[in-house]
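The opening residue of the sequence shown carries number 18 in the working numbering; numbering runs sequentially from there. We put the beta carbon where it would ideally sit given N, CA and C, even for glycine. Below is one structure, written out as structure tokens; the observations come after it.
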Amino acid sequence: MNKPLRRIALFCGLLVLTLLIRDNWLQYVKANSLKDDPNNRRVTIARYSTPRGDIIVDGDPITGSTETKNGDLKYKRTYKNGPMWAPVTGYASQAFGANQLESIEDGILTGDDDRLFFRKTLDMVTGKPQQGGNVVTTLSADAQKAAFGGLQRQGSKGAVVALEPSTGKILALASYPSYDPSSFAGNSTTTDSKAWTKLQKKNNPADPMLNRALRETYPPGSTFKVVTAAAALENGLYSSADQKTDSPLPYIMKGTTTELKNEGNIPCKDATMRIALRYSCNTVFGKIGSDLGNDKMLAEAKKFGFDSEQFTPVRSSASVFSDKMNSSQTALSSIGQFNTAATPLQMAMVASAVANDGKLMKPYMVDELQSSNLDPVAKTDPEEMSQPLSPQNAQILQSMMETVVKEGTGTKAQISGVTVGGKTGTAQHGVANSENPYAWFISYAKLPDGSSPVAVAVVIEDEQANRDDISGGGLAAPIAKSVMEAVINSKK
Numbered sequence: 018m019n020k021p022l023r024r025i026a027l028f029c030g031l032l033v034l035t036l037l038i039r040d041n042w043l044q045y046v047k048a049n050s051l052k053d054d055p056n057n058r059r060v061t062i063a064r065y066s067t068p069r070g071d072i073i074v075d076g077d078p079i080t081g082s083t084e085t086k087n088g089d090l091k092y093k094r095t096y097k098n099g100p101m102w103a104p105v106t107g108y109a110s111q112a113f114g115a116n117q118l119e120s121i122e123d124g125i126l127t128g129d130d131d132r133l134f135f136r137k138t139l140d141m142v143t144g145k146p147q148q149g150g151n152v153v154t155t156l157s158a159d160a161q162k163a164a165f166g167g168l169q170r171q172g173s174k175g176a177v178v179a180l181e182p183s184t185g186k187i188l189a190l191a192s193y194p195s196y197d198p199s200s201f202a203g204n205s206t207t208t209d210s211k212a213w214t215k216l217q218k219k220n221n222p223a224d225p226m227l228n229r230a231l232r233e234t235y236p237p238g239s240t241f242k243v244v245t246a247a248a249a250l251e252n253g254l255y256s257s258a259d260q261k262t263d264s265p266l267p268y269i270m271k272g273t274t275t276e277l278k279n280e281g282n283i284p285c286k287d288a289t290m291r292i293a294l295r296y297s298c299n300t301v302f303g304k305i306g307s308d309l310g311n312d313k314m315l316a317e318a319k320k321f322g323f324d325s326e327q328f329t330p331v332r333s334s335a336s337v338f339s340d341k342m343n344s345s346q347t348a349l350s351s352i353g354q355f356n357t358a359a360t361p362l363q364m365a366m367v368a369s370a371v372a373n374d375g376k377l378m379k380p381y382m383v384d385e386l387q388s389s390n391l392d393p394v395a396k397t398d399p400e401e402m403s404q405p406l407s408p409q410n411a412q413i414l415q416s417m418m419e420t421v422v423k424e425g426t427g428t429k430a431q432i433s434g435v436t437v438g439g440k441t442g443t444a445q446h447g448v449a450n451s452e453n454p455y456a457w458f459i460s461y462a463k464l465p466d467g468s469s470p471v472a473v474a475v476v477i478e479d480e481q482a483n484r485d486d487i488s489g490g491g492l493a494a495p496i497a498k499s500v501m502e503a504v505i506n507s508k509k
């Protein structure tokens, strides 16, 4: 071969090698980034070419798919009772993406998850289109209906979370006001885009797309006194519910000339912790927090889950108990004021740990992931998160919370034939406490066999709330009662 031909052959060989390198670079190195590129229309078309898998509650789907009438995206998402389930499902929209379970478990729902490789391969061989799998939740339809219905009847912003104390399963997760994810599931500029725009906070001050159960933190008010009582017992400051406390009246917070006051004329001087929780004595629990100090109070709060995000798997904002506070700040924080802030999930975890003899189970809402033919892909096992209380101290605290419901501020949560423990709370907020307070109630139900099937937290933002714990008992406790009854009746 003469020299010019060799040069041409070498040049052609380099071109072929370059093409092979480029082809392999695109297929193997850049494949995922190209697949996820929002400008890759083919990927979007393929994504919506088949029905999406379903999110399941009590064996029934709460989601679906429907064929679109226009455009090249064949299927869009539908929701049953969308506003009620939105805090659980989130949304999946052709125009605006996805969030919450719809996003976290997107691979299972679309059929793209690597764990579905065998199913995808089998469908490819048999010529079937790719099918999405299912997400089976821990939710109880009856409990969710009771929770959302209670908030809806109240007509105020608020949230409810119900847990199964022995496992950490989330039984109800409701937020109000809410939204219908179906209203913007497509990509129409005339309907879906308008619906999305109307739901944004800047256009809708009620902020219906905010998941108040997981993402909003509120001052927990007197419900936090359960944590403070736990800290007193665990640190040996007091050893029983009926031991008199060192609680003077008036109580001047250490390092200040400021009196910490109680709501009304209630028997708080040197009161036992049982009496103090029944009447919700600020002086008793504020002084307990001050006597224990910031470090011990913070350590106990962290055992209940404060200062850490929770993943259910949907992320929940971290609740807050501050570090490096002085004595008076610790006193205020120990009655659920100052910087203390909690999500409804967090306060349900507090009630759940007490009900479960001091053991806190990690909260979760996905029980199982399934392939399209219902074969299990993954299963969630209950997991112990921490032990905020010894069994003995938990039982002492149970007796105190049960007194609150039997003859204290939580009597509206009583259920015939069931032992109920609870704690009311009304948390002040705003500059100089100028805003309307939040009404709280946390509780658990205990059956005659000693088992506790449910713990609940309810928070209501209500203009009618009074500045005392009666508000929590009057506004939030009836909702908690209906949720507990729903869970108990579903197990019969």
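Asked, Found
"CA-to-CA distance, Ser256 to Val230, given in whole angstroms", "In the sequence under discussion, the amino acid at residue 230 is Ala, which differs from the Val named in the question. Cα-Cα distance, rounded: 34 Å."
"Outcome for Asn506 when other beta-carbon atoms lying within 10 angstroms are tallied against a minimum of 16", "exposed"
"Local Cβ density within 10 Å of Cys29, reported as buried at 16 or more and exposed below that", "exposed"
"Whole alpha helix (DSSP H) elements within the stretch 133-217, 4-residue minimum", "134-143, 158-171 and 209-216"
"Boundaries (first-last residue) of the beta strand (DSSP E) holding Leu315", "First-last for Leu315: Asn311 to Lys320, but that is the alpha helix (DSSP H), not the beta strand (DSSP E)."
"Glu502, DSSP secondary structure in three states", "helix"
"Cβ neighbours of Met342 in the same chain (closer than 7 Å, five flanking residues each side left out)", "Asn311 and Ser350"
"Ile352: first and last residue of the uninterrupted beta strand (DSSP E) it sits in", "Taken as a continuous stretch (DSSP letters only), Ile352 belongs to no beta strand (DSSP E), as it is neither H nor E."
"For Arg94: DSSP bridge partner residues", "Ser82"
"Among Ser469, Phe201 and Ile477, nearest to Val504 - alpha-carbon criterion", "Ser469"
"CB-CB length for Val422 against Gln431, believed under 8 Å", "6 Å"
"Coarse secondary structure for Ile283, derived from DSSP in three states", "coil"
"Run of the alpha helix (DSSP H) containing Glu119, from where it starts to where it stops", "Gln117 to Ile121"
"Under 8 Å between C-beta atoms of Gly512 and Thr443", "Here the chain covers residues 18 to 509 and nothing more, so residue 512 does not appear."
"Separation of Ser199 from Ala348, as counted between CA atoms", "47 Å"
"Identified DSSP bridge partners for Ser110", "Gly114"
"Distance, Pro330 Cα to Gln117 Cα", "8 Å"
"Inter-residue spacing [alpha-carbon to alpha-carbon] between Glu280 and Gln260", "23 Å"
"Reference Ala112; option with closest CA among Met417, Gly124, Gly175 and Ser205", "Ser205"
"Neighbourhood of Leu289 by C-beta distance below 7 Å, restricted to the same chain and skipping five residues each side", "According to the sequence provided, residue 289 is Thr. The question's Leu does not apply to it. Within the same chain, Thr289 has close Cβ partners Ala258, Asp259, Gln260, Lys261 and Thr262."
"Close beta carbons around Leu227, own chain, < 8 Å, minus the five adjacent residues each side", "Ser192, Lys218 and Glu233"
"Segment limits, beta strand (DSSP E) that includes Pro265", "Counting along the chain, Pro265 falls outside any beta strand (DSSP E), and DSSP gives it neither H nor E."
"Contained alpha helix (DSSP H) runs [length at least 4] in the stretch 383-458, N- to C-terminal order", "408-424"
"Nearest-angstrom Cα separation, counted from Thr273 out to Val448", "In this prediction, Val448 has a pLDDT of 47, which is less than 50 and means its spatial position is unreliable; nothing more can be read from the coordinates."
"Three-state secondary structure assigned by DSSP to Ser369", "helix"
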